[in-house]
Amino acid sequence: MRLNKIILSFVSALVILFSTSVVSFAKVVGDKIILGAAISLTGKYSSNGVHTQNGYNMAVDRINSMGGVKVGGKTYKFDIIYYDDESNPKRAAQLAERLISQDGVEFMLGPYSSGLTKAIAPVTEKYGVPMVEANGASRSLFTKGYKYLFAVLAPANLYLDVAIDLAVEKNNGKPVTVAMAFEQDAFSQDVRLGVLDAIKRTGSKKVIDDKLPKELNDMAATLVKVKQMKPDVLVVSGHTKGALTAIRQIAEMKVDVPMLAMTHCDAAKLSKQHGKNSQYALCASQWHKTLTYKDNFFKDGMTYAADFEKEFGYDPPYQSAESSAALLVFKDAFERANSFDQKKVRDALAATNMQTFYGNIKFAPGGQNVDKPMVLFQVMCDDSGKCENKVVAPTKWASAKLIHPVPKWSER
Amino acid sequence: MDFMVFQYPMITVQACLDGILLGILFALIAYGMALQWGVMNIINIAQGDLVILGGYIAYFMYLYGIHPAWGVIVAPVIMYFLGVLIYKLVINKVVDRDLFISILATFGISILFMQLMNFAFGADVVLANSDYGTTMLFNDNVVLPNSKLFSAFISILFAICLVIYMKKSKLGRAIRATAQNARAAKILGVDTEKVYAATFGINAALCGVAGALISITFTIHPYMGLPYTIRSFMIVIVAGLGNLPGVAMSGMGLGVFEEFADYILGTEFRIGSVFLLLVLILVYRRFKLSRKREYLK
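So the protein lines, in turn, are chains A and B.
Number 474 marks the last residue of the first sequence (the numbering used here); no jumps.
Number 1173 marks the last residue of the second sequence (the numbering used here); no jumps.
Below, the structure is given as structure tokens:
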């Protein structure tokens, strides 16, 4: 009995110690604005989680070194508390709860992926904590009426509908036939909905509509069907795995299709590692370094890419760029609100209308960014076999002309 | 439901060939599992993770500029020693316990491996390009990537070598003797401990070969092991232990079944149909395979 009491008092002492020590964190301490973020540093999203974290850190350093955030005549610096959500939505929601109720964070940055953002959004909404997220593009995030969620990126349904429009345009405005293969996850299914809308809008016809399971590493059956049906466009979306599997098997099976459009080409490092196999693939991207948007902190895409490469040793994927942009949005909102009141900051966020190196940012009532179109780039290779991503659509930002139709394998 | 696969004879041929080539690869993994199951009565849940690890070995050779096909020689060597190490560290402590404990232990190893691979190699999906080209048959209507032909050929080669080894070599005979009757083998001077370690090592080596072939033919990812475990488990259940032709046949059968399920039910049900088939077979066989445990320390 005595022992039990000792253990009990020891445990309660520990609990008290912990609860007091964490409360000493708060949202704005001294000259620091503390933001919270649950990020996938381990688990299946860890590589993109790290891209996200690098993007956040890069922007924090840059803003802090260029004068910080000015609110009420005082200068503040950004600081971020990170937790590892292990790529697990449940864990992410718990951590959001912990950041807000224990660590006292009053402003949040988003996690990586739509699934995890979906898990966190109800929590931030419940506490009225403004969250600027940069990596959750699923359409369903923006139809729930969330008031405190702001996404700097274009929603998922806009990823590939441009490709269908482009195919129709190349077909002299006549409808086209479309083969689709999409993974069964929130993001890819949203991309699919966007493509379906575009098919309907243009009077086109879908001839194959395959759903890829998440364990998939073989899509030969889909590609055999594509060979048989000869569609005008093949659209594939299944994260990095889908992009890699498709590129490998399309090349091996010599599948000829006039237009191949995909997502996640840059995450899959197609042009760098798979060279000629990936040639002519069209890829949807939130951002590309050659875009000519500008801001005062990172100047433009090329400068951002160079600075990022210097700091982290690799070319920034769009996941990093959009994450950096999230911090610029926060800074801008704090200064316009001129306050740390959550409601005022939220209203300032909702009124955001700015240009960053990543693109224009203006939020719709649902929270998605409506001012930044998706870009399509095409993998283009020179004679030495060196391949690069070149922006081909929309035409305003294009740095190269679309190659259409894709040459047959027998002629390459 | 889509019966396109039967409407065009060429697609039927394509599906059958794809399935058979894939099935041969599955059979190789299943053969390792059958061997170890038969000898030690251990169902190795980490089978698929060993496969993926073998794949990463080939992938890293590819990254460093060595043709990934050499992986089918390097991966089994490394994996053999890793297998022996796992045996010494974990398996020999659970091999004399009941089946449930050994399943739990290998399940633990599986989780550990997944996380370690994720930690060491990252969560990206990777593949090793072989640049083997493509074989076109029947007027270009049937396409067979040479990498698939290569992996089927290598799988058969390794299976034949293993069969000969088991028949002719001293260790092979000792393994077979232990599988038949461990007690008698031990009385007659077989070092059963060594046999168990070698068996686990050989199984890991086979997984290594299969993994290298998968990284050349498909893609690999730290969390992709489980479907391979399930497939080999199923092949072994259908074929029975110690029945190599049976393993080969049921491997190919499963490959063809998967391809047809893919065409008819849709790609999303491909892996699901394998799981469903497993349940049906288990019900049908009513766990006939639960053998009497025979382990001697």
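Where is the CB? At the ideal position from N, CA and C, for every residue including glycine.
Please read all numbers here as calculations on a predicted model, not as lab measurements.
Sub-8 Å separation of B/L911 and B/T1075 beta-carbons: For B/L911 and B/T1075, yes; Cβs fall inside 8 Å.
Interface flag, A/Y107 vs chain B, CB-CB below 8 Å: It does; some Cβ of chain B falls within 8 Å.
Beta-bridge partners of B/M937, as assigned by DSSP: As far as DSSP is concerned, B/M937 takes part in no beta bridge.
Candidates B/S1149, B/I1111, B/F1133 and B/I1078, of which the one nearest B/L926 by Cα: Closest by alpha carbon: B/I1078.
Amino acids of chain B, ordered along the chain, whose beta-carbon sits closer than 8 Å to that of A/M436: By Cβ distance, chain B contributes nothing, its closest Cβ being about 23 Å from A/M436, past 8 Å.
Per DSSP, cross-strand counterpart(s) of A/I95: Paired residue(s): A/V90 and A/F140.
Complete runs of the beta strand (DSSP E) confined to the region 314-365 of chain A [at least 3 residues]: Every unbroken stretch of the beta strand (DSSP E) spanning 3 or more residues and falling wholly within the region 314-365 of chain A is given here in chain order: 321-324 and 344-347.
Assigned exposure category for A/M442 - 16 Cβ within 10 Å defines buried: Answer is buried; the Cβ neighbour count reaches 16.
Residues that A/N422 bridges to, as DSSP identifies them: DSSP lists A/Q417 as partners of A/N422.
Candidates A/A410, A/F359 and A/N150, of which the one nearest A/F396 by Cα: Cα-wise, what sits closest to A/F396 is A/A410.
Given A/Y342 as reference, the closest of A/N415, A/A313, A/Y420 and A/K393 once Cα atoms are compared: Of the candidates A/N415, A/A313, A/Y420 and A/K393, the one whose C-alpha sits nearest the C-alpha of A/Y342 is A/A313.
Beta-carbon gap between A/A22 and A/L306 smaller than 8 Å: Since the first residue shown for chain A is 63 and the last is 474, residue 22 of chain A is missing from the structure and cannot be characterised.
Neighbour-count burial assignment, B/Y1139, 16 or more Cβ in a 10 Å radius: Around the C-beta of B/Y1139, 16 or more other C-beta atoms lie within 10 Å, and the residue is accordingly described as buried.
Contacting positions in the region 1089-1112 of chain B - beta carbon closer than 9 Å to chain A: Hits within the stretch, in order: I1090, T1093, F1094, T1095, I1096, H1097, P1098, Y1099, M1100, L1102 and P1103.
Status (buried if at least 16 other CB within 10 Å, exposed otherwise) for B/Y1160: Exposed: under 16 other Cβ atoms inside 10 Å.
Host beta strand (DSSP E) of B/I921 (start-end): According to the DSSP assignment, B/I921 belongs to no beta strand (DSSP E), since it is labelled neither H nor E.
For A/S385 and A/N197, believed in contact at Cβ under 8 Å, the rounded distance: Contact flag correct, Cβ pair sits at about 7 Å.
Straight-line gap, B/I1032 to A/E450 (C-alpha atoms, nearest Å): Straight-line Cα distance between these residues: approximately 40 Å.
Inter-residue Cα distance where the pair is A/A426 and A/L215: Approximately 12 Å between the Cα atoms of the pair.
Range of the contiguous alpha helix (DSSP H) that encloses B/T1054: According to the DSSP assignment, B/T1054 belongs to the alpha helix (DSSP H) that extends over K1046 to Q1056.
Spatial neighbours of B/G1048 in its chain, beta-carbon cut-off 6 Å, leaving aside the 5 residues before and after: So the qualifying residues of the chain are Y1041 and M1042.
Buried or exposed (CB count within 10 angstroms, at least 16 for buried), B/I1036: It is exposed - the Cβ of B/I1036 has fewer than 16 other Cβ atoms within 10 Å.
Inter-residue CB distance, A/Q430 and A/I465 (contact presumed, cutoff 8 Å): Actually they do not touch by this definition, with Cβ atoms about 31 Å apart.
Test: A/H350 CB closer than 8 Å to a CB of chain B: No, its Cβ sits nowhere closer than 8 Å to a Cβ of chain B.
A/Y107 - DSSP class collapsed to helix/strand/coil: A/Y107: coil per DSSP, three-state reduction.
A/R474 classed as buried or exposed, judged by whether at least 16 other C-beta atoms fall within 10 angstroms: Residue environment for A/R474: exposed (fewer than 16 other C-beta atoms within 10 angstroms of its C-beta).
Below-8 Å beta-carbon distance, A/M242 vs any chain B residue: Using a CB distance cut-off of 8 Å, A/M242 does not count as an interface residue toward chain B.
Short Cβ contact (8 Å threshold) for A/G177 with A/I143: Contact: no.
Helix, strand or coil at A/V84 according to DSSP, with G and I counted as helix: For A/V84, the pLDDT reaches just 43, beneath the cut-off of 50, and the residue's location in the model is therefore unreliable, although a value from the coordinates is still provided. Look at A/V84 here: in three-state DSSP terms it is helix.
Where A/D123 falls: helix, strand or coil (DSSP): Note: A/D123 maps to helix in three-state DSSP.
Euclidean distance between Cα positions of A/K289 and A/V317: When only Cα atoms are considered, A/K289 and A/V317 end up about 6 Å apart.
Own chain residues within Cβ distance below 6 Å of A/F87, not counting five before or after: Confidence is the limiting factor: at A/F87 the pLDDT is only 46, short of 50, which leaves the residue's position unreliable and the question unanswerable from this model.
Reference A/C345; option with closest CA among A/F374, A/I309 and A/Y355: Ranking A/F374, A/I309 and A/Y355 by Cα distance to A/C345 puts A/I309 first.
Alpha-carbon to alpha-carbon, A/I226 and B/I987: One C-alpha to the other measures close to 42 Å.
Residue-chain proximity (B/D925, chain A), Cβ-Cβ < 8 Å: With a threshold of 8 Å between beta carbons, B/D925 makes no contact with chain A.
Enclosing beta strand (DSSP E) for A/L274 [first to last residue]: Segment K267 to L274, the beta strand (DSSP E) holding A/L274.
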